[in-house]
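Chemist: Just passing along the structure, written as structure tokens.
Number of protein chains: 4
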Amino acid sequence: MGKGRLEAFSDGVIAIIITIMVLELKVPHGTEWETLHPLIPVFLSYVLSFVFVGIYWNNHHHMLHATRQVNGGILWANLHLLFWLSLIPFVTSWMGENHFAALPVALYGTVLLMAACAYFILSRALIALHGKGSPLALALGGDFKGKVSILVYAVAIPLSFVNAWMAIALYVSVASMWLLPDRRIENTLVR
Amino acid sequence: MGKGRLEAFSDGVIAIIITIMVLELKVPHGTEWETLHPLIPVFLSYVLSFVFVGIYWNNHHHMLHATRQVNGGILWANLHLLFWLSLIPFVTSWMGENHFAALPVALYGTVLLMAACAYFILSRALIALHGKGSPLALALGGDFKGKVSILVYAVAIPLSFVNAWMAIALYVSVASMWLLPDRRIENTLVR
Amino acid sequence: MGKGRLEAFSDGVIAIIITIMVLELKVPHGTEWETLHPLIPVFLSYVLSFVFVGIYWNNHHHMLHATRQVNGGILWANLHLLFWLSLIPFVTSWMGENHFAALPVALYGTVLLMAACAYFILSRALIALHGKGSPLALALGGDFKGKVSILVYAVAIPLSFVNAWMAIALYVSVASMWLLPDRRIENTLVR
Amino acid sequence: MGKGRLEAFSDGVIAIIITIMVLELKVPHGTEWETLHPLIPVFLSYVLSFVFVGIYWNNHHHMLHATRQVNGGILWANLHLLFWLSLIPFVTSWMGENHFAALPVALYGTVLLMAACAYFILSRALIALHGKGSPLALALGGDFKGKVSILVYAVAIPLSFVNAWMAIALYVSVASMWLLPDRRIENTLVR
Numbered sequence: 000m001g002k003g004r005l006e007a008f009s010d011g012v013i014a015i016i017i018t019i020m021v022l023e024l025k026v027p028h029g030t031e032w033e034t035l036h037p038l039i040p041v042f043l044s045y046v047l048s049f050v051f052v053g054i055y056w057n058n059h060h061h062m063l064h065a066t067r068q069v070n071g072g073i074l075w076a077n078l079h080l081l082f083w084l085s086l087i088p089f090v091t092s093w094m095g096e097n098h099f100a101a102l103p104v105a106l107y108g109t110v111l112l113m114a115a116c117a118y119f120i121l122s123r124a125l126i127a128l129h130g131k132g133s134p135l136a137l138a139l140g141g142d143f144k145g146k147v148s149i150l151v152y153a154v155a156i157p158l159s160f161v162n163a164w165m166a167i168a169l170y171v172s173v174a175s176m177w178l179l180p181d182r183r184i185e186n187t188l189v190r
Numbered sequence: 000m001g002k003g004r005l006e007a008f009s010d011g012v013i014a015i016i017i018t019i020m021v022l023e024l025k026v027p028h029g030t031e032w033e034t035l036h037p038l039i040p041v042f043l044s045y046v047l048s049f050v051f052v053g054i055y056w057n058n059h060h061h062m063l064h065a066t067r068q069v070n071g072g073i074l075w076a077n078l079h080l081l082f083w084l085s086l087i088p089f090v091t092s093w094m095g096e097n098h099f100a101a102l103p104v105a106l107y108g109t110v111l112l113m114a115a116c117a118y119f120i121l122s123r124a125l126i127a128l129h130g131k132g133s134p135l136a137l138a139l140g141g142d143f144k145g146k147v148s149i150l151v152y153a154v155a156i157p158l159s160f161v162n163a164w165m166a167i168a169l170y171v172s173v174a175s176m177w178l179l180p181d182r183r184i185e186n187t188l189v190r
Numbered sequence: 000m001g002k003g004r005l006e007a008f009s010d011g012v013i014a015i016i017i018t019i020m021v022l023e024l025k026v027p028h029g030t031e032w033e034t035l036h037p038l039i040p041v042f043l044s045y046v047l048s049f050v051f052v053g054i055y056w057n058n059h060h061h062m063l064h065a066t067r068q069v070n071g072g073i074l075w076a077n078l079h080l081l082f083w084l085s086l087i088p089f090v091t092s093w094m095g096e097n098h099f100a101a102l103p104v105a106l107y108g109t110v111l112l113m114a115a116c117a118y119f120i121l122s123r124a125l126i127a128l129h130g131k132g133s134p135l136a137l138a139l140g141g142d143f144k145g146k147v148s149i150l151v152y153a154v155a156i157p158l159s160f161v162n163a164w165m166a167i168a169l170y171v172s173v174a175s176m177w178l179l180p181d182r183r184i185e186n187t188l189v190r
Numbered sequence: 000m001g002k003g004r005l006e007a008f009s010d011g012v013i014a015i016i017i018t019i020m021v022l023e024l025k026v027p028h029g030t031e032w033e034t035l036h037p038l039i040p041v042f043l044s045y046v047l048s049f050v051f052v053g054i055y056w057n058n059h060h061h062m063l064h065a066t067r068q069v070n071g072g073i074l075w076a077n078l079h080l081l082f083w084l085s086l087i088p089f090v091t092s093w094m095g096e097n098h099f100a101a102l103p104v105a106l107y108g109t110v111l112l113m114a115a116c117a118y119f120i121l122s123r124a125l126i127a128l129h130g131k132g133s134p135l136a137l138a139l140g141g142d143f144k145g146k147v148s149i150l151v152y153a154v155a156i157p158l159s160f161v162n163a164w165m166a167i168a169l170y171v172s173v174a175s176m177w178l179l180p181d182r183r184i185e186n187t188l189v190r
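Chains as they are written, first to last, in numbering that gives the first Met the number 0: chain A, 0 to 190; chain B, 0 to 190; chain C, 0 to 190; chain D, 0 to 190.
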């Protein structure tokens, strides 16, 4: 079974997720600088989530590029990932509109954690299909960054209730780690 | 006539349907656990509909994979399916916001029933075009699961007015039946 | 210059237009039959517009199928068509929420008229590029249906102020005329 | 690494941006001509932004057409462009709903400026990857129009606070300059 429609459908869903988040930037009444102030935390949340969704699209792109085939289980592992990503606009708004209060920050991290787990499951399902010696498996390797991300989220979520800004700092550090493109796959694969 | 744009357009519409449903998860005012409580039924409705739309995308993907060509009638049979799927966000919200009251649950089932009928019509139109001995026709077979789904919806809709939770249980059972990927086509077709 | 991205972008925009219209079906407060009553004209408008947008997608699909190449002017002729189509959700809602009052019905027809003119311009630009003896030009022929549609809209718009339902009847008759797939192109082209 | 998904994802995001802007044309209460009056500036803003997003799609299409390959850095340069484009619906609404007041007009120009810079960065990253003697580099040339656009925006933004209509006139003049398709690439490349 070809991977073309899996890529096309994922591109569509991720494109919509990344774009509808901006609908939460409600147009203010008034034309003064002050009317923009309440939007600042909403905007910062948007930037953070844009980067996270961009990271997922980027990594998804790389992983699927190394993929040769898919099956029914992988279609569902992919939908599972898209499900958690689809909740990002909701938690982004809740966090932004409440100025990074404890519970919204924790829930934001929970959705990131679940998305990271879903991505991990998808990558393992792809490796199981292609074999442990496949270029895909070699390219993904031990998925060090994926495991570290899950660990950091697991620390950040309870930390939100102590100090939400420290949790945010941990989320930002995960994003920074990933912003470097996934050279593992680019380097390993010889097109 | 090629099937490429039919797949691309369907992917686009289904991707939008599955994603805009999340816009009905209205961001609550307040940052306490209690403010999330009213969202629980809306969230559960979202999960159920996400699974149903995912099933349709999955089955559509499989069926079109086995398709060799399309014609004007099939374009409209496909638009007819997309029409009923496009109503899922509306009935999902109405059901979720009203805590699974009788009429919304019945209307939800009606939209599922109409989508199932539209899918059946599309599959018959494809078989008529490809011939009864085609790989597509063999792969779809008697469409046992499709017929059972229509039957279960037809029972569940009036049942909603007796006990809405029993209707929901029937919808969940249909989804569970389909969650197993459609191995018929995967097995029958030798690529 | 290839036509692939023109098709993909048009598919994306049309898929979004056809899907966001359903967002105007606002979820009612209450779970009685009566709460659905105000939605009936909105729903009927939605059905009519879904059919019109479906017709445009279908005809666009056929016309581009017969197209060999595009240029910068055609990209803009296509964007011009997408512009008028993008206004359909707005006029659909205005017409539906006001129970087919005169001015909204006239404006709905005006948007349909402009979209029909934009489609005509696009088809002429494609014929100019491919030559009058090209398969595309032969397939499109004199575009009888396109010219009739423009004429009927031009009659229906002023008629809206006399009797809105007669204008609606004319819109429905145009849709019915087009619902038959555009066999001209299917028949003329030998794949 | 292929450019296919980069094009598909960009098409998806740009298609959504250009379409969700129309959601800001709120359906008026009432069916008189007067109820449409407050929408006129919102509509004019929509037309302007539709043209700008159309220009970006058009130029992106041309530039990627001449592109042979992409890498991780280019994926992020492209996401950076999409980020600024995604803010266009917000500034369009704010400007339109406030009848082209000074600050919204300046912010609109700022988003256009940032998008133009992001496009410039993307084009330089592509040239760096393909080499200064590549068809892409020759086709893009010194990017005279891109540099003029950035200069005009930089003048228009402070001018908004003196006379917002002069700033608007400058934005319109930039759009007019670009509306002519980018013949440089069409002419230079021999397919």
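Where is the CB? At the ideal position from N, CA and C, for every residue including glycine.
Going by C-alpha distance, which of ALA138/A, SER159/A, ASN162/A and GLU33/A is nearest ALA65/A?
Modeler: Ranking ALA138/A, SER159/A, ASN162/A and GLU33/A by Cα distance to ALA65/A puts ALA138/A first.
Chemist: Indicate whether the contact test is met: 3 or more Cβ pairs, each with one atom in the segment 23-42 of chain D and one in the segment 61-79 of chain D, closer than 8 Å.
Modeler: No, the segment 23-42 of chain D does not touch the segment 61-79 of chain D.
Chemist: Kindly indicate which three-state DSSP category PHE160/B falls into: helix, strand or coil?
Modeler: Here PHE160/B sits in coil by DSSP.
Chemist: Looking at chain A, is there any beta carbon in it that lies within less than 7 Å of the beta carbon of HIS59/B?
Modeler: Output row for HIS59/B: interface = no.
Chemist: Going by other Cβ atoms of all chains shown within 10 Å of its Cβ, with 16 needed for buried, is ARG67/B buried or exposed?
Modeler: Label assigned to ARG67/B: exposed.
Chemist: Measure from the alpha carbon of VAL69/A to the alpha carbon of each residue in VAL161/A, ALA136/A, LEU128/A and TRP177/A, then state which is nearest.
Modeler: Of the candidates VAL161/A, ALA136/A, LEU128/A and TRP177/A, the one whose C-alpha sits nearest the C-alpha of VAL69/A is LEU128/A.
Chemist: Assign THR91/D to one of three DSSP states: helix, strand, or coil.
Modeler: THR91/D falls in the helix class under three-state DSSP.
Chemist: In the DSSP assignment, find the unbroken alpha helix (DSSP H) run with MET113/B in it and report its ends.
Modeler: Counting along the chain, the alpha helix (DSSP H) containing MET113/B begins and ends at 101-129.
Chemist: Since ASP142/B is in the alpha helix (DSSP H), which residue starts that stretch and which ends it?
Modeler: It is not in any alpha helix (DSSP H) - ASP142/B carries neither H nor E in the DSSP assignment.
Chemist: Against chain B, does ASN162/A count as a neighbour if the rule is that its beta carbon must be under 7 Å from one of theirs?
Modeler: No, its Cβ sits nowhere closer than 7 Å to a Cβ of chain B.
Chemist: Hey, is the segment 149-167 of chain C in contact with the segment 91-110 of chain C, meaning 3+ C-beta pairs nearer than 8 Å?
Modeler: With the cut-off at 8 Å, the segment 149-167 of chain C and the segment 91-110 of chain C touch.
Chemist: With 16 as the cutoff for other CB atoms within 10 Å, does ALA155/D come out buried or exposed?
Modeler: Buried.
Chemist: Taking all protein chains shown into account, decide if PRO88/C is buried (16 or more other Cβ within 10 angstroms of its Cβ) or exposed.
Modeler: Classification for PRO88/C: buried.
Chemist: Do you know whose CA, among LEU150/A, GLY71/A and SER85/A, lies nearest VAL173/A's CA?
Modeler: Taking only the C-alpha atoms, the option nearest VAL173/A is LEU150/A.
Chemist: Can you check whether the C-beta of LEU24/A is within less than 7 Å of a C-beta belonging to chain D?
Modeler: Yes - at least one Cβ of chain D is within 7 Å of the one on LEU24/A.
Chemist: Helix, strand or coil for GLU31/C, going by three-state DSSP, please let me know.
Modeler: Here GLU31/C sits in coil by DSSP.
Chemist: By alpha-carbon positions, which one of MET176/C, ALA168/C, SER159/C and LEU178/C ends up nearest to THR30/D?
Modeler: Comparing Cα positions, the closest option is SER159/C.
Chemist: What are the boundary residues of the alpha helix (DSSP H) that includes ARG4/C?
Modeler: 3-19 is the extent of the alpha helix (DSSP H) around ARG4/C.
Chemist: Contact criterion: CB-CB distance below 7 Å. Does TRP32/A meet it with respect to chain B?
Modeler: With 7 Å as the cut-off, TRP32/A does not count as an interface residue toward chain B.
Chemist: Less than 7 Å between CB atoms is the rule here; does VAL52/C satisfy it with respect to chain D?
Modeler: Not closer than 7 Å to any Cβ of chain D, the Cβ of VAL52/C fails to qualify, so no.
Chemist: In the structure shown, what three-state DSSP assignment does VAL151/D receive?
Modeler: Helix, per DSSP.
Chemist: What separation, rounded to the nearest whole angstrom, lies between the Cα atoms of PRO27/A and VAL21/C?
Modeler: Their Cα atoms are separated by approximately 26 Å.
Chemist: Would you call the CB atoms of LEU178/A and TYR152/A closer than 7 Å?
Modeler: Contact flag unset, no.
Chemist: Is there a C-beta anywhere in chain D that falls below 7 Å from the one on ARG191/C?
Modeler: The question about residue 191/C has no answer here: the residues shown for chain C are numbered 0 through 190.
Chemist: Going by DSSP, what residue range makes up the alpha helix (DSSP H) through GLY71/A?
Modeler: That run of the alpha helix (DSSP H) goes 71-85.
Chemist: Here's a check: name, in chain order, each residue in its chain whose Cβ is nearer than 6 Å to the Cβ of ARG190/A, leaving out the five neighbours to either side.
Modeler: With a pLDDT of only 41 at ARG190/A, under the threshold of 50, the placement of this residue in the model should not be trusted; the figure read from the coordinates follows. Nothing meets the Cβ criterion.
Chemist: 7 Å is my cut-off, CB to CB: does GLY130/B come that close to chain C?
Modeler: GLY130/B does not count as touching chain C.
Chemist: Could one say the Cβ of LEU74/C lies closer than 7 Å to chain D's Cβ atoms, at least one of them?
Modeler: Yes, LEU74/C counts as interfacial toward chain D.
Chemist: Pull up the CB-CB distance for SER92/D and ALA115/D, whole angstroms please, since I reckon it's below 8 Å.
Modeler: So it is not a contact: roughly 21 Å between Cβ atoms.
Chemist: Quick one: does the C-beta of LEU158/C sit closer than 6 Å to a heavy atom of the ligand ADP?
Modeler: This structure simply doesn't include the ligand ADP, nor any ligand for that matter.
Chemist: Buried or exposed: where does GLY140/B fall if 16 or more other Cβ atoms within 10 Å of its Cβ makes it buried?
Modeler: Label assigned to GLY140/B: exposed.
Chemist: Since ILE17/B and VAL12/A are thought to touch, with beta carbons under 8 Å apart, how far apart are those beta carbons, to the nearest angstrom?
Modeler: Between VAL12/A and ILE17/B the Cβ distance is about 6 Å, and since that is below 8 Å, they are a contact.
Chemist: With a cut-off of 8 Å on the beta carbons, I'd call TRP56/A and PHE8/D a contact; round off their distance for me.
Modeler: The Cβ separation is near 6 Å, so the contact holds.
Chemist: Would you tell me roughly how many angstroms separate the C-alpha atoms of LEU63/D and LEU84/C, rounded to the nearest one?
Modeler: Going from the Cα of LEU63/D to the Cα of LEU84/C covers about 26 Å.
Chemist: If the cut-off is 8 Å on Cβ atoms, which residues from the segment 93-104 of chain C count as contacting chain D, listed in chain order?
Modeler: Going along the segment 93-104 of chain C in chain order, one finds TRP93, GLU96, ASN97, ALA100, ALA101, LEU102 and PRO103 with a Cβ nearer than 8 Å to chain D.
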